[in-house]
Amino acid sequence: MNDLDARLGRIRGDAAPRPHNARTIAALTSNPGCARRAIMDAAGVDKPRLASYLGFTAPFGQSQFAITRGNAFEAQVKANGCAELLRLLREQLGLPIPEVSYDDLEEVGGQRSPLVRHTSTRSLLTRAARAGDDAGTLFDHPLLRLVVGGRHVYLEPDLIAFRLGGRFHVVEIKSFAVIDGQADGDKVAAAAIQSAVYVLALRDLLRETGTGPVDVAHEVILVCPENFSNRPVATFVDVRKQITVLRRQLSRLARIEALVDLQPPGLTFDLELDDAGVPHRPAAGLADDVRAVPARYAPECLASCEMCYFCRDEARGQTAALGRAAADELGAVPTVQVALGLAGGTITPADDQAEAAALLREAARLRQECLGATA
Amino acid sequence: MESLERRLGELRAEVRRAAASRDAARVRALRAELRNAERDWDDALARLEDRQLAPGDAATSRAPLRTQPDGSGVAVVAGGAATAPGGGPLPPARLAAAPADGPLLPLREQVHQALTLLDVPTAPKLLSAVHDAFFAGEIPSARLTSLRRDEERSFRSAPFARPYYLCAALTAELLAPARGLLAVSTWPMDRRVIGPLSPRVNYLSAAIRVAESFLRIPGPGPAAQRLLWRFAANIPGAADGTRAMDPALVARAARAELEVHADDDRQTRAAAAARARRQLDDAEQLFGSRLQAVPQAGASGE
């Protein structure tokens, strides 16, 4: 493991590793086949900086407006000892009236250091798990910890874990609207996978402390504004699938060693920063090193990876850049050039290309017919 | 006095002309001048009355003449501010504390009024809403962020120099300042301690106080109705869907739920308050003790 750490450290260079958060952990699941991303994430490379140094700045990150809106809605739901949230939980999930205990873990004795907050979270949650029903219901901003790629990552959920019927539930407050019982599918999916990260972390915590049979529910409670109002509404979201996917991804990160061994020995993404933090490494050399690690670009990367523009530029002319559906159809045809050749009959298909070639020729014939008729 | 009235007339005409020619900057400047003149006129009138009335009556007759500081230039009767939250007359100290030439009560007085009405440690947002509902205007909540720090500085430089301080509520476990809550230093320690059940207990107590104040004032405005509605929506049995909102029902429902939590909460608070009185010095009792950043100190409670 130390050997691997040293190797990853060399790949990262002098900079401090970038910590993961729930979003980046969730993003790990979106393109599991990409070795470039896996290695960069495991080494904690500062991807936004790397990408902009290479001239491919990604217009990335959450909008300031979205963050402000999210915080305001969260503050509204949690105001006055979670008054609105309590109403939701009582009305929709049957939380008993006496269960109103509220613990604020965002600040412990005026301290905000992660270690203090995590220790406090741990002791409070364990006590609640052991003591039965009257030891805590709502825990505001607990600080959980998860092992990612052999390193501890602090997760600060903008959520509350609470006890209902002897189980812990993760509550995720999001500011996108649920209109007529329907919400944006992508946003729900993103919220679900983030909550799944928290469920995993909470389960780890309870397992470590050996608190016995108390369970963390695989159904998380998603609180969103209802219709076009600011009135919150709560729904259960089942995150079993996301938990499985995440667990697989995380175990794969732990097995990063095999992946690193496949890479050239001198590989490094070091920007060669000087004391003032100014990079001095020639961009061309750095780009060569980045290209040495195979990537698997798909248009979906644009939504989740800071290196997306670099990879898209690199993948130009390849069938994979056309999206997963097209790439699947074209199977063994690597580039658009070859695909055009096969369609036009100028290239003889190899054995494994025969099926795709027949499809392409058929498509070319249809196109010819259509355009020929109008022309 | 006559010259003042003449000046007022001229100023009003000038404001109207500037507004007609859409000169916003000039309108603003003129209106500021107009407000000053109006204030001078108020003071002159008060002096006139003072000469004729007994000094005790002067204070009460002057209060309704205060103008609103919101820049509207319209004299608004700040009647709500002249009666104390409990319904009785204001303590004379408070009127005396208001600067004679300023129309506005100092921020800490406004906060004190709202806190006295609610009688529990409260977050700035709710304080602002309560002040808007039952007193004159909203408190800009941005200004409340530094208030507690200012009060603490004032107390530490000259302890107990003021009749009251706006201070922190203390968390029951660590006796540290609770995040984002304001309290009054004259309250007993039990009331300023926040245990796990206290946020809900305080919320319900605040609901009762708001409902009672709602019944007491004549013709409650939309801000007060909105405030009461927000309480009613989150207390089981407080809002009877079909009927119009009933403050008595809100108070009754809040009392019913309060009964469930009150005993446990009282015990936690009393224990923590006793501990606070024993362990903390004067300043810490008001503003809380903070964990020191010593690694061995740990944070797993006591």
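These protein sequences, in sequence, are chains A and B. In terms of the numbering used here, the first sequence is residues 1347 to 1721. In terms of the numbering used here, the second sequence is residues 27 to 328. Just so it is clear, CB atoms sit at the ideal spot from N, CA and C, and this is done for glycine as well.
About 6 Å separates the beta carbon of A:LEU1470 from that of A:ASP1449, a gap short enough to meet the 8 Å contact definition. B:HIS287 belongs to the set of residues whose beta carbon lies under 9 Å from a beta carbon in chain A. DSSP places B:ASP266 in no alpha helix (DSSP H); its state is neither H nor E.
A:ASP1450 sits in a strand when the DSSP states are folded into three classes.
At a beta-carbon threshold of 9 Å, none of the residues of chain B lie near A:TYR1655; the nearest stands roughly 40 Å away.
A buried status is given to A:HIS1564, since no fewer than 16 other beta-carbon atoms sit within 10 Å of its beta-carbon. At least one C-beta of chain B is nearer than 9 Å to the C-beta of A:TYR1448.
In terms of Cβ geometry, A:ASN1573 and B:ASN260 do not form a close pair [threshold 9 Å].
Around the C-beta of B:MET27, fewer than 16 other C-beta atoms lie within 10 Å, and the residue is accordingly described as exposed. 9 Å or more divides the Cβ of A:VAL1639 from the Cβ of A:ALA1388. Assignment of A:THR1370 by DSSP, reduced to helix, strand and coil, places it in the helix class. With contacts defined by Cβ atoms closer than 9 Å, A:ASN1377 and A:ARG1642 form a contacting pair. Within the segment 1428 to 1452 of chain A, those residues whose Cβ lies closer than 8 Å to any Cβ of chain B are, in chain order, CYS1428, ALA1429, GLU1430, LEU1432, ARG1433, ARG1436, ILE1443, PRO1444, VAL1446, SER1447, TYR1448, ASP1449, ASP1450 and GLU1452. Neighbours of B:GLU178 in chain A, taken as residues at a C-beta separation under 9 Å, are lacking, since the least C-beta distance is about 12 Å. Below 8 Å, too few C-beta pairs join the segment 1611 to 1625 of chain A and the segment 1583 to 1603 of chain A to call them touching: fewer than three. Pairwise C-beta distances place the segment 1445 to 1460 of chain A out of contact with the segment 1540 to 1560 of chain A, as fewer than three of them are shorter than 8 Å. Excluding sequence positions up to five before and after A:LEU1688, its CB lies within less than 8 Å of the CB of VAL1679, PRO1695, GLN1699, ALA1702, ALA1703, LEU1706 and ARG1707, all in the same chain and listed in chain order. Bridge partners of A:ARG1509 according to DSSP: A:PHE1514.
Less than 9 Å separates the beta-carbon of A:LEU1396 from that of A:LEU1617. Residue ranges of uninterrupted beta strand (DSSP E) with 3 or more members, entirely inside the segment 188 to 230 of chain B and ordered along the chain, are 192 to 197 and 203 to 210. Non-local C-beta neighbours of A:PRO1394 in its own chain, meaning closer than 6 Å and more than five positions away in sequence, comprise GLU1652, ordered along the chain. For B:ARG205, the closest Cβ of chain A is nearer than 9 Å. Excluding sequence positions up to five before and after A:ASP1486, its CB lies within less than 8 Å of the CB of LYS1424, CYS1428, TYR1448, ASP1449, ASP1450, LEU1451, GLU1452 and ILE1506, all in the same chain and listed in chain order.
With respect to chain A, the C-beta atom of B:LEU152 has a partner C-beta closer than 9 Å. Here the alpha carbons of A:PRO1503 and A:TYR1544 stand approximately 7 Å from one another.
By the Cβ neighbour-count rule, A:ASP1620 is exposed, with fewer than 16 other Cβ atoms within 10 Å of its own.
For the pair B:ASP176 and A:ASP1349, the Cα-to-Cα distance works out to about 54 Å. The C-beta of A:ALA1629 has fewer than 16 other C-beta atoms within 10 Å across all chains shown, which makes the residue exposed. Assignment of beta-bridge partners to A:ALA1580 by DSSP yields A:VAL1569. Cβ proximity to chain B below 7 Å picks out ALA1425, ASN1426, GLY1427, ALA1429 and GLU1430 from the segment 1399 to 1430 of chain A. When the alpha-carbon of B:ARG292 is set against those of B:ARG188, B:ARG217, B:ALA155 and B:ALA184, the nearest one is in B:ARG217.
For a cut-off of 8 Å, the C-beta gap from B:LEU196 to B:ILE234 is around 23 Å, too long to register as a contact. Ranked by how close their Cα comes to the Cα of A:LEU1439, the residues A:VAL1585, A:ASP1392 and A:THR1581 have A:THR1581 in first place. Within the segment 275 to 299 of chain B, the residues whose Cβ lies closer than 7 Å to any Cβ of chain A are, in chain order, GLU283, VAL286 and HIS287.
Within the same chain, and ignoring the five residues on either side of B:LEU284 in sequence, the residues whose Cβ sits closer than 6 Å to its Cβ are LEU230.
At a beta-carbon threshold of 9 Å, none of the residues of chain A lie near B:LEU253; the nearest stands roughly 12 Å away.
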